[in-house]
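Visitor: For this note's numbering, count along the sequence shown from 1 and bump the result up by 213.
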Amino acid sequence: MKGAVFLDRDGTLIFDKDYLHDPALVELIPRVVEGLQKLSEAGYLLFLLTNQSGVGRGYFRLEDAVACNQKMMELLGDEIVFQEICIAPEAPGESSLYRKPSPLFIEEMLVQYNLLAQECFMVGDRQSDIESGLRAGVRSILLECGKEIPDSTSVYASEKKVARSRDLFDAVEEVILKSNSIS
Ligand SMILES: [Mg+2]
Numbered sequence: 214m215k216g217a218v219f220l221d222r223d224g225t226l227i228f229d230k231d232y233l234h235d236p237a238l239v240e241l242i243p244r245v246v247e248g249l250q251k252l253s254e255a256g257y258l259l260f261l262l263t264n265q266s267g268v269g270r271g272y273f274r275l276e277d278a279v280a281c282n283q284k285m286m287e288l289l290g291d292e293i294v295f296q297e298i299c300i301a302p303e304a305p306g307e308s309s310l311y312r313k314p315s316p317l318f319i320e321e322m323l324v325q326y327n328l329l330a331q332e333c334f335m336v337g338d339r340q341s342d343i344e345s346g347l348r349a350g351v352r353s354i355l356l357e358c359g360k361e362i363p364d365s366t367s368v369y370a371s372e373k374k375v376a377r378s379r380d381l382f383d384a385v386e387e388v389i390l391k392s393n394s395i396s
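Here it is as structure tokens:
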């Protein structure tokens, strides 16, 4: 086994539509299927870790977030399998075990699946994604996805464990597959 990739959902796999709760609006980001297929073929386990504060804020129900995940899976196709999915439903400021930047889900999966942190990656489009990865000791990739990256993320510019990529597909090709062929 190669390792694992922990993936954010909104803005990483599907387009980030604020407080998405209608499965009909789930839309894959281009080349995500191809990127995830490459990871699977290379032997990486895939995990999904998504903050859904819309539940905690009372904007929609946990079932709505689950239905959106299911719609995403349909669009991804049967070949793409997530070993485990973690939805953190709390609003910011509410007490939460798993809401990113918490590293807990990643830490637990490393133990449960007997994974080495140095063979794992966290991929996401926000600072909280990167922080959860770094706190769990895994390399992290910040996706730009055509967005302006706020200055606050420049704090990671000198951090050796953080890379930047344009989108998931580039992250897979330029960072994940390459770095493991070197190590
Ligand atoms: Mg995101």
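For each residue, glycine too, the CB sits at the ideal point set by N, CA and C.
Are Arg-244 and Phe-334 closer than 8 angstroms when you measure CB to CB?
Guide: As a first step, residue 244 must be located in the sequence shown, where it is residue number 31. As a first step, residue 334 must be located in the sequence shown, where it is residue number 121. No. Outside cutoff.
Visitor: Taking the runs of the beta strand (DSSP E) that are 3 residues or longer, which of them lie wholly in the segment 307-352?
Guide: 333-337
Visitor: Should Arg-339 be counted as a contact of ligand 1 given a C-beta to heavy atom distance under 7 angstroms?
Guide: Counted from its first residue, the sequence shown places residue 339 at position 126. True, at least one ligand heavy atom lies under 7 angstroms from that Cβ.
Visitor: Quick check: Gly-216 and Val-246, are their CB atoms within less than 8 angstroms of each other?
Guide: Working through the sequence shown from its first residue, we reach residue 216 at position 3. Working through the sequence shown from its first residue, we reach residue 246 at position 33. Not in contact: Gly-216 and Val-246 (Cβ atoms no closer than 8 angstroms).
Visitor: Give every residue of the same chain whose Cβ lies closer than 8 angstroms to the Cβ of Val-239, excluding the five residues on either side of it in the sequence, and list them in chain order.
Guide: Start at 1 with the first residue of the sequence shown, and residue 239 comes out as number 26. Same-chain partners within the cutoff: Ile-227, Leu-233, Cys-281, Lys-284, Met-285, Leu-288.
Visitor: I'd like the span of the alpha helix (DSSP H) that includes Gly-269, first residue to last.
Guide: The count along the sequence shown starts at 1 and reaches residue 269 at position 56. Its alpha helix (DSSP H) spans residues 266-269.
Visitor: What three-state label does DSSP hand Glu-386 in the structure shown?
Guide: Translated into the one-based positions of the sequence shown, residue 386 becomes position 173. Helix.
Visitor: Ordered along the chain, which non-local residues of its own chain (more than five positions away) have a Cβ less than 6 angstroms from that of Arg-379?
Guide: Taking the sequence shown and counting its residues from 1, one reaches residue 379 at position 166. Glu-357, listed in sequence order.
Visitor: What did DSSP end up calling Gly-216 once you bin it into helix, strand or coil?
Guide: Locating residue 216 in the sequence shown gives position 3, counting from the first residue. Reduced to three states, the DSSP call for Gly-216 is strand.
Visitor: In this structure, how does DSSP classify Leu-249 when only helix, strand and coil are distinguished?
Guide: Taking the first residue of the sequence shown as 1, we reach residue 249 at position 36. Looking at Leu-249 - three-state DSSP - the assignment turns out to be helix.
Visitor: Quick one: what's got a C-beta closer than 7 angstroms to Ile-297's C-beta in the same chain, skipping five residues either side?
Guide: Here residue 297 corresponds to residue number 84 of the sequence shown, with the count starting at 1. Residue identity differs from the one stated: residue 297 is Glu in this sequence, not Ile. For Glu-297, where only same-chain residues beyond five positions count, the Cβ hits under 7 angstroms are Phe-260, Met-322.
Visitor: Under 8 angstroms Cβ to Cβ from Ala-164, same chain only, skipping five residues before and after it: list those, please.
Guide: The chain is shown only over 214 to 396; residue 164 falls outside these bounds and no answer can be derived.
Visitor: If contacts are defined as beta-carbon pairs under 8 angstroms, then Phe-219 and Gly-346 qualify, I think. What distance do you get, rounded to the angstrom?
Guide: Taking the first residue of the sequence shown as 1, we reach residue 219 at position 6. Taking the first residue of the sequence shown as 1, we reach residue 346 at position 133. That pair is a contact at about 7 angstroms.
Visitor: How many Å lie between Leu-317 and Tyr-257 at the Cα?
Guide: For the purposes of this step, residue 317 is taken as the residue at position 104 of the sequence shown. For the purposes of this step, residue 257 is taken as the residue at position 44 of the sequence shown. Roughly 20 angstroms separates the two Cα atoms.
Visitor: Check for me: the alpha helix (DSSP H) holding Cys-299 runs from which residue to which?
Guide: Against the sequence shown, residue 299 aligns to sequence position 86. Element bounds for Cys-299: not the alpha helix (DSSP H) but the beta strand (DSSP E), 295-301.
Visitor: Closer than 7 angstroms by C-beta to Phe-295: which residues in its own chain qualify, once you throw out the five before and the five after it? Chain order, please.
Guide: Residue mapping note: residue 295 aligns to position 82 of the sequence shown, counting from 1. Cβ neighbours of Phe-295 beyond the five flanking positions: Leu-259, Phe-260, Leu-261.
Visitor: Per DSSP, what kind of secondary structure is Leu-289 in: helix, strand or coil?
Guide: One-based indexing of the sequence shown puts residue 289 at position 76. If DSSP states are grouped into helix, strand and coil, Leu-289 belongs with the helices.
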